[in-house]
Amino acid sequence: MLDGVALPVGAMKVLLNVIKRSHAKTMMGLQDELELASRVILNFANRELGTRSQIPLRSGCELFRRYITRCSLDFPDFTECMKEILNRGEAFASMSLTARNKIAEHGSQFVRDGQTIMTHGYSRVVAKLLVRAAAVERRNFNIVVLEGRPDGGGAKAASLFSEAGIPTTVVLDSAAAHVMERCDLCIVGAEGVLENGGIVNKVGTYALGITAKALGKPFYVAAESYKFARLYPLNQKDLGGTKGLGGGGGKSKAGGLGGFYDTTTEKGEPRRIELGEGVKVEDHPVDFTPAEYISLLFTDLGILTPNAVSDELIRLYQ
Amino acid sequence: MAELSAEEKAQKKAEKAARAAEFAKNNPNIGKTAKPKLTKAERRAKQEAQRAAKVGEGGGKGGGDKSEADKDKKGRQEGNQPQRQQTTRQQTTTRTASQSNSSNPTPSRRKDSNASSLPPPPPPSSTSLNLFDHLPPYRPPPPLSSLKSSLPSQLPRPIIDLGRKYSSLSIDGANDRAVAMLTAFKSVVQSFTCPPNKELRFHLVAVLKTCFQHLTECRPHSISMGNAFNFLKSHILKLNPDLSSDDAKQEVTEGIDRFIQERIRFASSVIARVGVDKINDDDVILTFSYSASVLAVLLLARENATPFRVILVDPRVGDGGACNLMAKSLLTRGVPVTYVGMEGVSYVMRDVSVVMLGAEGVMSNGSVFARVGTLGVAQAAKAYRKPTLVCCEGYKFTNKVQLDSITHNELGSVEGMGGGGEDKLNLLYDLTPSELVGGVVTETGLLPGSSVAVLLREME
Numbered sequence: 001m002l003d004g005v006a007l008p009v010g011a012m013k014v015l016l017n018v019i020k021r022s023h024a025k026t027m028m029g030l031q032d033e034l035e036l037a038s039r040v041i042l043n044f045a046n047r048e049l050g051t052r053s054q055i056p057l058r059s060g061c062e063l064f065r066r067y068i069t070r071c072s073l074d075f076p077d078f079t080e081c082m083k084e085i086l087n088r089g090e091a092f093a094s095m096s097l098t099a100r101n102k103i104a105e106h107g108s109q110f111v112r113d114g115q116t117i118m119t120h121g122y123s124r125v126v127a128k129l130l131v132r133a134a135a136v137e138r139r140n141f142n143i144v145v146l147e148g149r150p151d152g153g154g155a156k157a158a159s160l161f162s163e164a165g166i167p168t169t170v171v172l173d174s175a176a177a178h179v180m181e182r183c184d185l186c187i188v189g190a191e192g193v194l195e196n197g198g199i200v201n202k203v204g205t206y207a208l209g210i211t212a213k214a215l216g217k218p219f220y221v222a223a224e225s226y227k228f229a230r231l232y233p234l235n236q237k238d239l240g241g242t243k244g245l246g247g248g249g250g251k252s253k254a255g256g257l258g259g260f261y262d263t264t265t266e267k268g269e270p271r272r273i274e275l276g277e278g279v280k281v282e283d284h285p286v287d288f289t290p291a292e293y294i295s296l297l298f299t300d301l302g303i304l305t306p307n308a309v310s311d312e313l314i315r316l317y318q
Numbered sequence: 001m002a003e004l005s006a007e008e009k010a011q012k013k014a015e016k017a018a019r020a021a022e023f024a025k026n027n028p029n030i031g032k033t034a035k036p037k038l039t040k041a042e043r044r045a046k047q048e049a050q051r052a053a054k055v056g057e058g059g060g061k062g063g064g065d066k067s068e069a070d071k072d073k074k075g076r077q078e079g080n081q082p083q084r085q086q087t088t089r090q091q092t093t094t095r096t097a098s099q100s101n102s103s104n105p106t107p108s109r110r111k112d113s114n115a116s117s118l119p120p121p122p123p124p125s126s127t128s129l130n131l132f133d134h135l136p137p138y139r140p141p142p143p144l145s146s147l148k149s150s151l152p153s154q155l156p157r158p159i160i161d162l163g164r165k166y167s168s169l170s171i172d173g174a175n176d177r178a179v180a181m182l183t184a185f186k187s188v189v190q191s192f193t194c195p196p197n198k199e200l201r202f203h204l205v206a207v208l209k210t211c212f213q214h215l216t217e218c219r220p221h222s223i224s225m226g227n228a229f230n231f232l233k234s235h236i237l238k239l240n241p242d243l244s245s246d247d248a249k250q251e252v253t254e255g256i257d258r259f260i261q262e263r264i265r266f267a268s269s270v271i272a273r274v275g276v277d278k279i280n281d282d283d284v285i286l287t288f289s290y291s292a293s294v295l296a297v298l299l300l301a302r303e304n305a306t307p308f309r310v311i312l313v314d315p316r317v318g319d320g321g322a323c324n325l326m327a328k329s330l331l332t333r334g335v336p337v338t339y340v341g342m343e344g345v346s347y348v349m350r351d352v353s354v355v356m357l358g359a360e361g362v363m364s365n366g367s368v369f370a371r372v373g374t375l376g377v378a379q380a381a382k383a384y385r386k387p388t389l390v391c392c393e394g395y396k397f398t399n400k401v402q403l404d405s406i407t408h409n410e411l412g413s414v415e416g417m418g419g420g421g422e423d424k425l426n427l428l429y430d431l432t433p434s435e436l437v438g439g440v441v442t443e444t445g446l447l448p449g450s451s452v453a454v455l456l457r458e459m460e
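Chains as they are written, first to last, in this note's numbering: chain A, 1 to 318; chain B, 1 to 460.
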């Protein structure tokens, strides 16, 4: 489960196949085909998986394309270049697979005996990190995870943790600040890592970051380097400006908030609450956590401060 | 080596003595006369005389340092000399009361009046503004008649004209000053003839250094001018020494044209495109006084027919009508402008979507050196949690690090400043720390302030 293929890595494999079947005779031709393929992938993901998939997919595809087409400068002959492209493509795809392992290896050093770790949402990178800390490093710690409405991501993650033998507690999203004082640190994943060192992640991450900073707890982010995106939102609203990514309420796969329930009924059966006619419901799948709330990022390029992300991006996109 | 016999040793000794005697005969002065110890004042006088003599030769010593920091120091040194001469004299009179010091003219008169073509600055104030005495004092533009008589004849006409325009502020603004300087230097290069015994590259650089020094004396140079001049110097020094004079001059002028076109004009248009991305429908953009880069962004947004409006904050004093120019430029293109004095900035900040500011330069730690008042606007924005963007071309990034607004700045005219007292101060620039800046808009995109150092590294 933890080793399932990440969305962007899957997209990269698709692009690799596009290259293998391509009849293009020039670099420009190949780039056009890849661009078209990327757009098809993104549209499909948008329809089937919701807007949350957009950032990691887009940045993954773009990085992949840049990485392989850079070699056109070193190999002016196109057939030779194609060979090199395929090599690089395979290397990049497998690099992305091992990224999670690298992150787990370095990040698990931050989990020590006796700690309580707070996490949010269902992130396979974070799960791999924590499971490794328990199973391989044999550390004894426990986890508090937020429920993660409306997709119940936290609850899904909790079952993974308990399978690995880590004592896990699930709390309401709104209880984050309440339980923060007994936690030692927070680790979350990211859908995208931004140019200014901030991250885009499941909604609630921003609140968690603010709470952690207010209470003096370190806040760590685990993310693969193909999630680095050249986006620069100035505030939450600006995230919506980055082409419909949930700033004003994007479409989430969960299909909305799934109704509101009162659990304080006599029999204990949750009773559905009828909202009035004029009440608007906004579903925000993601939010933006600025760099000032993030202590460190665990990536396959190393353990970075938020400032270093832009440095890495400049290098990756050169 | 084999051991020498006694007689061989004696022979060698004799030969050595002979050589020493011969040497002493030919150089009778070595080791005999010690250099006379001069007092500080006498050393200074000697230095001035040497410098005056050198300028007479045409290869100005001023600006002979390569780094920009030294260039700034040079600009400041000229202003500092009245101070230093004054304290020097005080020190020497107290320390060596028995020695008679040569009678000196009034301390504030500068001795190298050959190098300086302008009337000396007014004497430093003796009151509470000592904190700013290290800054080059404000020089009102000299009357035309005095100028003609006191200039060294080597200065080319375009440079003299440009210097006058700088000191009268008829050319102002970072980009305009840099472009004007480069254009004037272009004509200097084109009419330059290298004397046959001199290498073209070094001599040309020396001539341009004198010109740059003169321009700095008319008005302390801006970061944009300093960086542009550094580029020009290294461009000339990298020329193939085997080029013919005409070819070399051609390459230099082409280099200047490319710099203006790529690093200034094109960069501006890219900044406009990057910045316009952050202007959404029905946004309210707040900006401060005049900035060419911000104007480019706003006019492009207008061209794209994005509905938005601008709040223009006017510093009121000391910006030489720059704010009026900004207002006019926006209004004539149909951009709705709300005009507010500096005192009203916190009142209007509530409705603002994005604050966009221009800059004279950005330091390597991400702090922004800009027109005075910028810091105040940035602080108001932070208080209201409004995002702040600074628009600045890459050629205005500098390796310097400045920690406050005082260590390096420029003093302007105090005319038009209200209040009755004598102590008036018009600082032209201030420094906005990087924490107050949400992002820097440059030709390489929208970047955090911490990436300026990275870009500087890449640009080298």
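Cβ atoms here follow ideal geometry from the backbone N, Cα and C, with glycine treated the same way.
In the three-state reduction of the DSSP assignment, residue 446/B falls in the strand class, which pools E and B.
Closest in alpha carbon position to residue 60/A, among 38/A, 73/A, 74/A, is 38/A. Annotated three-state conformation of residue 363/B is coil, per DSSP. Scanning its chain for C-beta atoms nearer than 6 angstroms, with the 5 sequence neighbours on each side dropped, one finds around residue 169/A the residues 144, in chain order. Rounded to the nearest whole angstrom, the C-alpha separation of residue 420/B and residue 137/B is 21 angstroms. Look at the beta carbons and you see the stretch 450 to 460 of chain B touching the stretch 394 to 401 of chain B: at least three pairs across the two are nearer than 8 angstroms. Selection 177/B, 186/B, 341/B evaluated against residue 288/B yields 341/B as nearest (Cα-Cα). Selection 101/A, 19/A, 48/A, 33/A evaluated against residue 224/A yields 101/A as nearest (Cα-Cα). A Cβ-Cβ separation of about 6 angstroms places residue 358/B in contact with residue 391/B under the 8 angstroms criterion. Residue 303/A sits in a strand when the DSSP states are folded into three classes. Taking C-beta separations shorter than 7 angstroms and ignoring five residues to either side along the sequence, residue 276/A has no partners in its chain.
Straight-line spacing of the CA atoms in residue 9/A and residue 48/A works out to 17 angstroms.
Ranked by how close their Cα comes to the Cα of residue 116/A, the residues 165/A, 316/A, 186/A have 186/A in first place. Residues of the stretch 325 to 352 of chain B with a C-beta atom less than 9 angstroms from some C-beta of chain A do not occur. Under the three-state reduction of DSSP, residue 370/B is assigned to strand.
When the five nearest sequence neighbours on each side are left out, the beta carbons in the same chain lying within less than 7 angstroms of the beta carbon of residue 184/B are those of 158, 159, 162, in order along the chain. The Cβ of residue 311/A sits closer than 8 angstroms to at least one Cβ of chain B. Shown here, residue 106/A sits in a helix according to DSSP, grouped into three states.
Interface residue (Cβ-Cβ distance to chain A less than 8 angstroms): residue 186/B is not classified as such.
Within chain A, 234, 235, 238 have C-beta atoms less than 8 angstroms from the C-beta of residue 387/B, given in sequence order. Looking at the DSSP output, residue 356/B shares a beta bridge with 287/B, 389/B. With distances taken between CA atoms, residue 42/A lies nearest to 55/A out of 214/A, 30/A, 55/A, 191/A. Looking at the backbone, the Cα of residue 233/A and that of residue 413/B are separated by about 41 angstroms. Per DSSP, residue 235/B is one residue of the alpha helix (DSSP H) stretching across 223 to 237. When the Cα atoms are used, residue 270/A and residue 296/A turn out to be separated by approximately 41 angstroms. At a cut-off of 8 angstroms between beta carbons, residue 195/A contacts chain B. A Cβ-Cβ contact shorter than 8 angstroms links residue 356/B with residue 297/B. Using a CB distance cut-off of 8 angstroms, residue 447/B counts as an interface residue toward chain A. Within the DSSP secondary-structure output, residue 280/B pairs in no beta bridge. The stretch 156 to 238 of chain A is shown to contain whole beta strand (DSSP E) runs of 3 or more residues at 168 to 171, 185 to 188, 199 to 202, 219 to 222, in chain order. In the structure shown, residue 139/A falls within a coil segment according to DSSP collapsed to helix, strand and coil. For residue 305/B, the closest C-alpha among the options 242/B, 442/B, 333/B is that of 333/B.
Taking a beta-carbon distance threshold of 8 angstroms, residue 275/B does not count as an interface residue toward chain A. Checking the DSSP bridge columns, you'll see residue 262/A partnered with 271/A. When the Cα atoms are used, residue 109/A and residue 207/A turn out to be separated by approximately 25 angstroms.
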